[in-house]
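Position one of the sequence shown corresponds to residue 1 (UniProt numbering), numbered consecutively onward.
Beta carbons: idealized from backbone N, C-alpha and C, even for Gly.
So the structure is just underneath, and the comments pick up after that.
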Amino acid sequence: MTEITAAVLEGPRDLSIESIELAEPKADEVRVDLKATGVCHTDHHRYVGTSDAPYPIVLGHEGAGVVDAVGENVTSVEPGDHVVLWVLPFCRECAFCERGDPHLCSRRSAVKGGTLLDGTRRLSRGEEKVNHFYGQSSFASHCVVAEQTAVKIPESLPFPEASLLGCGAITGLGAVVNTADVSIGEPAAVFGCGGVGSSAILGASLAGANPIIAVDIEDETLATVADLGATHTINSSETDPVREISRLTDGGVKYAFECTSIPGVIEQAVEAVQPGGTVVATTTSSADPLQIAPGELTYGKRIVGNVGGSAQPSIDIPRFATLAQSGRLPLEKLVSQTYSLDQLDEAFEAIENGNGIRGVVTYE
């Protein structure tokens with residue numbers, strides 16, 4: 001057992017920083033000395049209790065750090081390697097994993113009960129077991145994860161930016177380059193410009209989309225994404241985005257990336273795409289039903305789901321990390337604020353207030 005420092009959530013908004021125990025990695029697992037982790041809306045949903053979580057639990061699923069121990073059979077990383085921790089644990093054995101779609105792994109739901117992939121826990125507080133989150137729990141000084149979710153990155157890439165490739169950034173980037181496969185010159189719109197949406201704008205810029213239209217309700221956010229590659233911005237609290245997108249594109253965009261999970265916004269995105277266009281729903285956490293007229297789909301419009309950027313982490317994380325290292329993918333512009341672990345409540349408050357794109361917890 002290793003004693004670690006972790007943010008333990010006992011119930012909605014009941015968070016404490018304390019020492020708990022972390023068991024040694026088993027076969028095919030690695031232990032990571034965490035250096036940074038992004039603070040995501042998915043964490044916030046559990047923090048406030050709008051999504052169920054097994055308590056007590058250590059949240060955090062967007063980590064980056066240094067491997068400091070490995071279990072038996074681990075071959076892809078070794079102690080001292082800098083790694084990003086991908087958000088979606090996968091088994092490497094099911095039909096989805098074998099065909100190259102680890103984001104669709106048939107065992108993906110195993111970790112929702114607060115365990116690692118093998119159904120057990122590594123976190124404890126005396127005799128009490130503490131639950132994991134997405135097989136990671138990166139709001140802590142250290143964590144144990146499945147080998148395949150710890151992906152080696154260049155040592156020169158700063159950890160705060162690198163951590164975003166574990167979830168938010170790769171979800172937005174992958175929505176563009178993997179799920180939609182946007183081509184040069186194709187018009188695109190992004191609805192909701194938080195961490196995922198801002199990353200989608202970066203991805204659209206990398207892919208050569210034109211125009212790139214950003215839709216949000218915060219002028220400050222829209223000013224920020226204009227610096228990320230958005231060619232036009234629309235404040236949807238003041239302007240009808242469907243009508244304005246139609247005006248700017250002479251009939252609609254080829255691709256719309258919906259990054260709010262709000263049914264009404266998804267419906268707007270469907271209206272905003274041209275015949276034959278595609279809506280990529282990147283954050284479909286809402287249980288509320290959609291109300292879309294069947295006629296909207298008559299002329300080839302499609303709605304496609306997206307999880308984890310449809311990524312193959314061993315390929316996509318190094319690819320995006322290299323682009324970030326070269327300066328072509330300015331991930332640092334997504335980091336609005338850094339926090340210490342004992343400021344995690346403040347980071348969640350910033351999410352509630354709509355402040356910034358992405359807060360990141362850093363560890364000394």
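Taking only three categories from DSSP, how would you classify residue i?
i           : result
residue 410 : For the chain, the structure presents residues 1 to 364; residue 410 sits outside this window and is missing.
I170        : helix
V196        : helix
E18         : strand
F348        : helix
E62         : coil
L329        : coil
Q337        : strand
A53         : coil
I201        : helix
I357        : coil
G305        : strand
T298        : coil
R319        : helix
P289        : coil
S106        : coil
A27         : coil
A209        : coil
S76         : coil
R46         : helix
P313        : helix
Taking residue i and residue j to be in contact with their CB atoms under 8 Å, please state how far apart those CB atoms are, rounded to whole angstroms.
i    : j    : result
D314 : V151 : Note on identity: in this sequence residue 314 is Ser, with Asp being the wrong assignment. That belief holds up - the Cβ atoms of S314 and V151 are roughly 6 Å apart, short of 8 Å.
P330 : T249 : That belief does not hold up - the Cβ atoms of P330 and T249 are roughly 26 Å apart, past 8 Å.
G305 : H103 : Not a contact, Cβ separation roughly 10 Å.
A311 : G174 : 5 Å
V270 : V280 : With 8 Å as the limit, V270 and V280 do not qualify as a contact, their Cβ atoms being about 11 Å apart.
V39  : I351 : 7 Å
F159 : A64  : 5 Å
D28  : E147 : 5 Å
H132 : V58  : 7 Å
V30  : V196 : Wrong, their Cβ atoms sit about 27 Å apart, outside the cutoff.
A140 : I153 : The pair is not a contact, with the Cβ atoms about 20 Å apart (cut-off 8 Å).
A347 : V335 : Not a contact, Cβ separation roughly 12 Å.
G252 : G203 : Between G203 and G252 the Cβ distance is about 20 Å, and since that is not below 8 Å, they are no contact.
I266 : W86  : Not really, about 26 Å apart at Cβ, beyond 8 Å.
Using only the alpha-carbon positions, how far apart do residue i and residue j sit?
i           : j    : result
C94         : Y363 : 36 Å
T338        : E3   : 25 Å
I225        : I201 : Residue 225 is actually Val in this sequence, not Ile. Looking at the two C-alpha atoms, the distance is approximately 7 Å.
V66         : D101 : 26 Å
R122        : I17  : 18 Å
Q274        : G185 : 15 Å
A36         : G80  : 16 Å
G300        : E244 : 22 Å
V176        : E128 : 43 Å
T115        : P241 : 42 Å
E10         : D43  : 14 Å
L165        : E72  : 27 Å
Q343        : E332 : 20 Å
Y255        : A189 : 6 Å
K26         : I212 : 46 Å
H45         : V77  : 32 Å
T112        : C105 : Looking at the sequence itself, residue 112 is Lys, so the reference to Thr does not match. Each residue's alpha carbon lies about 13 Å from the other.
T149        : D219 : 36 Å
I357        : T260 : 13 Å
T322        : C167 : 17 Å
T221        : S237 : 13 Å
C91         : L157 : 28 Å
N353        : R247 : 32 Å
residue 365 : I303 : The first residue shown for the chain is 1 and the last is 364, placing residue 365 beyond what the model contains.
Does any residue of chain D have a CB that is nearer than 8 Å to the CB of residue i?
i    : result
A146 : Going by chain labels, chain D is absent from the structure shown, which holds only one protein chain.
Taking DSSP's pairing of strands, which residues face residue i in a bridge?
i           : result
F191        : V215 and E258
V67         : V32
residue 385 : The chain is shown from 1 up to 364; residue 385 falls before or after that span and cannot be answered.
L9          : L15 and I57
E3          : E21
V111        : Bridge partners of V111: none, in fact.
T37         : G63 and V361
May I have a chain-ordered list of the beta strand (DSSP E) segments no shorter than 3 residues that lie completely inside the region 213-287? 232-235, 253-258 and 273-281
Residue ranges of each beta strand (DSSP E) within the region 113-189, 3 or longer: 123-125, 128-130, 142-146 and 150-152
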